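Residue 2 is where the sequence shown starts when you use our numbering, and the numbers rise one by one after that. Written below as structure tokens is the structure these notes are about.
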Amino acid sequence: MIALNTEPMHVLLVGLGNRGNMWAEVIDGLPDAVLSGAMDIDPQRRAVIAQKYPGIPIYDTLGEALTAAGHDAVVLVTPPDGHLAQAEQIFAAGLPLIAEKPLTVSLPDSIKIVAMAEAANLPLTICLNFRYLPVSQAKRRLVLSGDFGAPGMGQFVYQRNRDGLRPGLNRYPLSMQHPMMLEQSIHHLDLIRYCYDREVVSLSCRTWNPPWSMYAHDSSVQCLLTMEGGLQVNYIGTWTSGWNEPHFLWRTDCADGVIIQRDLFTDIATAARTDTTLTPVPITDARAYYDDTAALLKTFIEARRAGSATPCDGRDHLRTLALCFAGIESSASGTIVDMRQFYERNGLSHLI
Ligand SMILES: NC(=O)c1ccc[n+]([C@@H]2O[C@H](COP(=O)([O-])OP(=O)(O)OC[C@H]3O[C@@H](n4cnc5c(N)ncnc54)[C@H](O)[C@@H]3O)[C@@H](O)[C@H]2O)c1
């Protein structure tokens, strides 16, 4: 167990693929964290980490890794369809868990993991690192400041032609169900909740797969979200844009002005109603996927030291996951989904 306030947190890293390598760098680079072990079922992945971080114990089974003493927490970076079984083992070993998003690809399985963590009284954090991008923090501050009045409508556009066969990218989204919603839109829907600091009341959604898609299942998502306070948000996200040049826009129209973000990772500006030009909002530079993840890990460690709730916890994540699955339901049924009723139908009411 972490010697609070003095020792760095010893982290076992499970899953050493594309994102696991980023995590290794983040843990290794943070003074308050130490890699206490690394595990993957793939010998090649293990060899890469062994070479990059000599001296770190490397394991080929989760059981062996968990039996070894000296871990304060586990960072789980395997494909999401294995998370339930792995979380069972991790909690049985008495260790806190930071799991990559999505917690699982099934709402009932995610509910089980959250319940397991709570029954074992162990912290569970899901890695929604985009919340920690300086641009996201700036957006949230601007909205909460009320400087431009109440937000009334949002437009979130993410259009990308993602080559799922590109070396260095994971392969499983090519064959999974709802890759766009569960792998990518989940980040965006989470940002919408986080930056507007409110929940979705109801939603209408379409998911689909354009004929030229390399993905086996729906690579495009479009939603109209009605949020608390009457805020209406129009969302479109795709991995199968017709142009290799990515396009991003997140515009928020408020009573007295606009907040406009032109890049997922940076570039935010504002204008009051009568301004003729936008004024950029200064934000610190950040290395996307690394600095935001380091900020999340730092917050996790600080919370453990303070004995307070860890960030992006299970119940919080269930709300974002519920949006993904409510969107999938809305698309299949052609109906508007009321979130309160969705929580009740899916056994979530007591959790969120
Ligand atoms: N938060 C982010 O910004 C972000 C970015 C990319 C990926 N991710 C998430 O990270 C997770 C992993 O994605 P990735 O891109 O690294 O995938 P990947 O396919 O590149 O790597 C997955 C790794 O898990 C290993 N693995 C599979 N089953 C295992 C098991 N039972 N035990 C141990 N290791 C096992 C594989 O051998 C592989 O090395 C996914 O949940 C993904 O959504 C998050």
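Every residue gets a Cβ at the ideal spot worked out from N, C-alpha and C, and that includes glycine. The structure displayed is predicted, hence computed values, not measured ones.
Proximity winner among the options, relative to residue i (alpha-carbon distances)
i: I127; options: I329, I353, D339, T321; result: T321
i: Q185; options: W240, S203, R141, P283; result: W240
i: R161; options: N22, L297, D82, E246; result: E246
i: N354; options: E65, G30, Q52, P80; result: With the chain running from 2 to 353 in the structure shown, residue 354 is simply not present.
i: F249; options: L232, D268, C255; result: D268
i: E8; options: G30, L17, V35, D29; result: V35
i: A1; options: G315, C313, N347, D314; result: Since the first residue of the chain shown is 2 and the last is 353, residue 1 is not available in this structure.
i: T275; options: C255, W24, D29; result: C255
i: L143; options: H179, Y195, H189; result: Y195
i: E330; options: T208, L85, H318, A151; result: T208
i: L31; options: I337, G308, L298, L352; result: L298
i: V259; options: G21, D41, A151, L13; result: A151
i: M182; options: Q223, G155, F149, D148; result: Q223
i: M339; options: T227, D73, P97, D33; result: In the sequence on display, residue 339 carries Asp and not Met. Here the closest residue by C-alpha is T227.
Beta carbon proximity, residue i to chain B, threshold 8 Å
i: S350; result: Of the protein chains in the structure, only one exists, and it is not chain B.
Residue i versus residue j - alpha carbon distance
i: P109; j: L123; result: 19 Å
i: Y197; j: L145; result: 8 Å
i: G64; j: I91; result: 9 Å
i: G243; j: L125; result: 39 Å
i: S332; j: S137; result: 28 Å
i: G16; j: A88; result: 13 Å
i: V106; j: E303; result: 29 Å
i: A100; j: S176; result: 22 Å
i: L192; j: T294; result: 15 Å
i: A120; j: A93; result: 11 Å
i: F131; j: K102; result: 11 Å
i: M215; j: C206; result: 22 Å
i: R341; j: H318; result: 16 Å
i: I284; j: I261; result: 14 Å
i: R47; j: D264; result: 34 Å
i: T336; j: I59; result: 49 Å
i: T62; j: F301; result: 26 Å
Buried versus exposed, by CB contacts within 10 Å (16 or more), residue i
i: D219; result: buried
i: G38; result: buried
i: L166; result: exposed
i: I50; result: buried
i: A139; result: buried
i: L170; result: exposed
i: W213; result: exposed
i: A118; result: buried
i: D164; result: exposed
i: G308; result: exposed
Rounded distance between the beta-carbons of residue j and residue i, thought under 8 Å
i: L225; j: N210; result: Going by Cβ atoms, the distance from L225 to N210 rounds to 20 Å, so no, they are not a contact pair.
i: G238; j: Y159; result: 4 Å
i: G324; j: L204; result: It should be pointed out that residue 324 corresponds to Leu in this sequence rather than to Gly. L324 to L204, Cβ: 7 Å. Contact.
i: L134; j: I114; result: That belief does not hold up - the Cβ atoms of L134 and I114 are roughly 26 Å apart, past 8 Å.
i: R305; j: M10; result: 7 Å
(request) Just list the alpha helix (DSSP H) runs in the segment 107-141, keeping only unbroken ones of 4 residues or longer that don't cross its boundaries, in chain order. (result) 108-121
(request) Report the residue ranges of all alpha helix (DSSP H) runs contained in full by the segment 238-307; include only those spanning at least 4 residues, in chain order. (result) 292-307
(request) Entirely within the segment 75-104 and at least 3 residues each: give me those beta strand (DSSP E) ranges in chain order. (result) 98-101
(request) Let me know the beta strand (DSSP E) ranges lying completely inside the segment 20-52, each 3 residues or longer, listed in chain order. (result) 34-40
(request) Could I get the ranges of all uninterrupted beta strand (DSSP E) runs contained in the segment 183-238, with 3 residues as the minimum, in chain order? (result) 201-209, 221-228
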